[in-house]
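Q:
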Amino acid sequence: MHIMEGFLPSPWWELWFVVSLPLIILGLHRLKEISDMRRDAIPLLAVAGAFIFVLSSLKLPSVTGSCSHPTGTGLAAILFGPVVTPVLCLIVLLYQALFLAHGGITTLGANLFSMGIAGPMVGYSVYRLGCRVGANTYMTVFLAAALADVGTYLVTSAQLALAFPAAEGGVIASLAVFGGIFALTQVPLAVIEGIVVALIFKYIISLRADILVKLDVLTKGRADALREAAE
Amino acid sequence: MFDVILEEYASSNRFTERDSRLKFTLGFGALLLVSISMSPLAPIFVAISMALIVILLAGIPARVYLSLLLLPSPFLVLSIVAILLITGGGNALTAIHLGPYTLHLSTGAIVIAINTAARILGGMSALLFVALTTPMVELFSLLKSLRLPQEFIDLSMLVYRCTFLMLAEAIAIQNAQTMRQGYSNFRNSIRSISLLGSGLFIRGWNRGEELLLAMDSRCYDGRFEMPLKGKRMGRVEISLVFAYLVICGFLALAPYIWGSG
Numbered sequence: 730m731h732i733m734e735g736f737l738p739s740p741w742w743e744l745w746f747v748v749s750l751p752l753i754i755l756g757l758h759r760l761k762e763i764s765d766m767r768r769d770a771i772p773l774l775a776v777a778g779a780f781i782f783v784l785s786s787l788k789l790p791s792v793t794g795s796c797s798h799p800t801g802t803g804l805a806a807i808l809f810g811p812v813v814t815p816v817l818c819l820i821v822l823l824y825q826a827l828f829l830a831h832g833g834i835t836t837l838g839a840n841l842f843s844m845g846i847a848g849p850m851v852g853y854s855v856y857r858l859g860c861r862v863g864a865n866t867y868m869t870v871f872l873a874a875a876l877a878d879v880g881t882y883l884v885t886s887a888q889l890a891l892a893f894p895a896a897e898g899g900v901i902a903s904l905a906v907f908g909g910i911f912a913l914t915q916v917p918l919a920v921i922e923g924i925v926v927a928l929i930f931k932y933i934i935s936l937r938a939d940i941l942v943k944l945d946v947l948t949k950g951r952a953d954a955l956r957e958a959a960e
Numbered sequence: 369m370f371d372v373i374l375e376e377y378a379s380s381n382r383f384t385e386r387d388s389r390l391k392f393t394l395g396f397g398a399l400l401l402v403s404i405s406m407s408p409l410a411p412i413f414v415a416i417s418m419a420l421i422v423i424l425l426a427g428i429p430a431r432v433y434l435s436l437l438l439l440p441s442p443f444l445v446l447s448i449v450a451i452l453l454i455t456g457g458g459n460a461l462t463a464i465h466l467g468p469y470t471l472h473l474s475t476g477a478i479v480i481a482i483n484t485a486a487r488i489l490g491g492m493s494a495l496l497f498v499a500l501t502t503p504m505v506e507l508f509s510l511l512k513s514l515r516l517p518q519e520f521i522d523l524s525m526l527v528y529r530c531t532f533l534m535l536a537e538a539i540a541i542q543n544a545q546t547m548r549q550g551y552s553n554f555r556n557s558i559r560s561i562s563l564l565g566s567g568l569f570i571r572g573w574n575r576g577e578e579l580l581l582a583m584d585s586r587c588y589d590g591r592f593e594m595p596l597k598g599k600r601m602g603r604v605e606i607s608l609v610f611a612y613l614v615i616c617g618f619l620a621l622a623p624y625i626w627g628s629g
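If you read the sequences in order, they're chains A and B.
In this text, residue positions in the first sequence follow the working numbering: the first is 730, and each later residue adds one.
In this text, residue positions in the second sequence follow the working numbering: the first is 369, and each later residue adds one.
(1) Check whether the Cβ atoms of Val851(A) and Gly833(A) lie closer than 9 Å to each other.
(2) Are the Cβ atoms of Ile606(B) and Leu390(B) separated by less than 9 Å?
(3) For chain A, find out if any of its Cβ atoms is closer than 9 Å to the Cβ of Thr384(B); answer yes or no.
(4) If you compare alpha carbons, which of Ile451(B), Phe443(B), Leu507(B) is closest to Thr393(B)?
(5) Please report the distance separating the alpha-carbon of Leu737(A) from that of Ala892(A).
(6) Look at the alpha carbon of Gly899(A) and the alpha carbon of Ala873(A), and state the distance between them as a whole number of angstroms.
(7) Does Tyr824(A) have its Cβ less than 9 Å from a Cβ in chain B?
(8) Check whether chain A comes within 9 Å of Val422(B), counting only Cβ atoms and requiring the distance to be less than that.
(9) Starting from the Cα of Pro385(B), find the closest Cα among Leu563(B), Ala415(B), Met601(B), Pro411(B) and give me that residue.
(10) Which whole-angstrom value describes the C-beta separation of Ile940(A) and Phe871(A), a residue pair presumed to lie in contact below a C-beta threshold of 8 Å?
(11) Buried or exposed: which applies to Ile901(A), given that a residue is buried once 16 or more other Cβ atoms fall within 10 Å of its Cβ?
(12) Are the CB atoms of Ala450(B) and Phe907(A) within a distance shorter than 9 Å?
(13) Nearest-angstrom Cα distance between Trp742(A) and Leu444(B)?
(14) Counting along the chain, where does the alpha helix (DSSP H) carrying Val498(B) start and finish?
(15) In three-state terms, what does DSSP make of Leu944(A)?
(16) Using a beta-carbon distance cut-off of less than 7 Å, what residues from the segment 769-783 of chain A approach chain B?
(17) Name, please, each residue of chain B whose Cβ falls closer than 8 Å to the Cβ of Gly833(A).
(18) For Leu461(B), name the three-state secondary structure that DSSP assigns.
(19) Pull up the distance between the alpha-carbon of Met525(B) and that of Pro503(B), whole angstroms please.
(20) Please tell me whether Ile820(A) has its Cβ less than 9 Å away from any Cβ of chain B.
(21) For a cutoff of 9 Å on Cβ pairs, would you count Pro849(A) as touching chain B?
(22) State whether the segment 822-830 of chain A contacts the segment 751-759 of chain A, with contact taken as three or more CB pairs (one from each stretch) at a distance under 8 Å.
(23) Taking DSSP as the reference, what is the three-state secondary structure of Ala895(A)?
(24) Near Ala415(B), which residues of its chain fall below 6 Å by C-beta distance, leaving aside the five closest residues on each side in sequence?
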């Protein structure tokens with residue numbers, strides 16, 4: 730969910746840049762490490778970035794009738810981890826702002842924090858947790874993608890609530906109003922994106938499970954087992 | 369999928385050949401001034417002047433410009449209503465009781481809502497100026513002059529290139545699916561879109577591997593240099609941009625200086 734250009738007043742949009750900055754620096758540092766270590770990293774990450782961009786511009790079928798777009802952040806976090814994903818999201822958000830007038834430049838910091846940092850962290854943690862306790866892989870992917878979306882939407886609501894606190898009840902009351910309004914569209918969207926990402930995961934496993942093994946998303950044994958189960 | 373891709377206009381308007389540093393200064397400068405402005409004065413000035421610049425001087429069709437400006441209106445309307453109801457200050461006009469909270473509509477809230485709406489309009493206009501007049505390739509020279517790491521710039525350029533390849537593929541797949549009733553009902557749509565997503569990912573990955581092979585055979589060493597050079601800037605152009613920003617700055621800061629508004 731993008732906060733549009735100009736929506737956040739000073740000093741809130743500056744604040745979100747400051748908050749996101751350390752994680753971007755960390756991500757850039759990691760990017761340099763990866764590209765020094767493995768020459769093939771940059772082209773493949775570029776494919777990943779383009780994939781997030783295209784995925785997030787697909788129109789999802791929506792139950793409420795309105796069109797919704799997936800964020801793709803859950804899938805990105807599962808595939809590339811929470812350190813590199815913010816860098817990919819930064820590029821994607823920049824392009825969305827300049828290609829499609831989606832989101833904005835002053836709100837880039839806030840959007841980056843909700844979609845590139847908070848959402849992916851939730852998604853990645855859920856995925857790793859699910860793998861550790863040995864839950865069903867597809868269920869885990871569904872939960873990771875859906876909760877990454879819910880996390881993003883809650884953070885966005887909080888960002889709006891902080892910038893526009895209620896006269897009575899302050900930030901909490903404001904959060905309830907913004908959260909309530911956006912829940913109508915964002916919760917169904919999260920469930921649909923969860924289903925779609927789980928299915929994407931399933932198709933990738935049945936066709937090119939080696940990619941997932943290479944990215945360290947699945948162990949070799951787990952991938953083989955899932956592949957056999959699918960056949 | 370995409371109703372409008374701005375890049376098409378960005379690379380074929382009357383400003384395409386102008387120096388990108390000037391365009392970025394004008395667009396992002398106005399954007400910055402709009403977002404620190406406390407009154408709706410500067411944002412409204414930017415909104416009107418940018419619309420005239422983009423439509424009359426750059427030659428972007430007015431229909432395209434307006435539809436882009438109205439794109440985020442559902443989000444805008446919902447949020448402005450929320451701001452009207454929850455924020456406060458000034459004199460209360462009316463009150464609505466909602467569960468444990470009382471929502472006031474007050475003069476203070478109206479001021480905040482007007483400021484926000486004006487800021488969005490001005491901000492979107494400045495953003496659209498950059499998006500519609502500056503080809504994306506020029507962004508890379510900006511990133512470079514900001515001294516961002518080379519890996520990041522390489523990655524951005526490759527993402528840019530891959531995006532268009534993938535978009536073409538996504539559109540082709542989606543057309544094929546639509547012709548085969550892939551989006552005829554909700555269940556089919558979910559299945560189709562997942563197949564589309566995974567197909568794109570796998571094809572994209574293959575392409576990435578092929579790209580690497582192609583680059584390797586041309587002595588790719590992990591760096592990828594591109595000659596980026598600016599165009600000559602005219603004195604008139606520079607002074608016009610400067611004058612515009614001074615006016616914006618004056619309008620944005622006037623309420624601070626005189627302590628009103």
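Beta carbons are placed, not taken as given, at the ideal position from N, Cα and C, and that holds for glycine.
None of the values given here were measured: they were computed from a predicted structure.
A: Short version:
(1) no
(2) yes
(3) no
(4) Leu507(B)
(5) 7 Å
(6) 31 Å
(7) yes
(8) no
(9) The identity of residue 385(B) in the sequence shown is Glu, whereas the question assumes Pro. Nearest C-alpha to Glu385(B): Met601(B).
(10) Contact flag wrong, Cβ pair sits at about 20 Å.
(11) exposed
(12) yes
(13) 17 Å
(14) 475-501
(15) coil
(16) Asp769, Ile771, Pro772, Leu773, Leu774, Ala775, Val776, Gly778, Ala779, Phe780, Phe782, Val783
(17) Gly491, Met492, Leu495
(18) strand
(19) 13 Å
(20) yes
(21) no
(22) no
(23) strand
(24) Leu489, Gly490, Ser493
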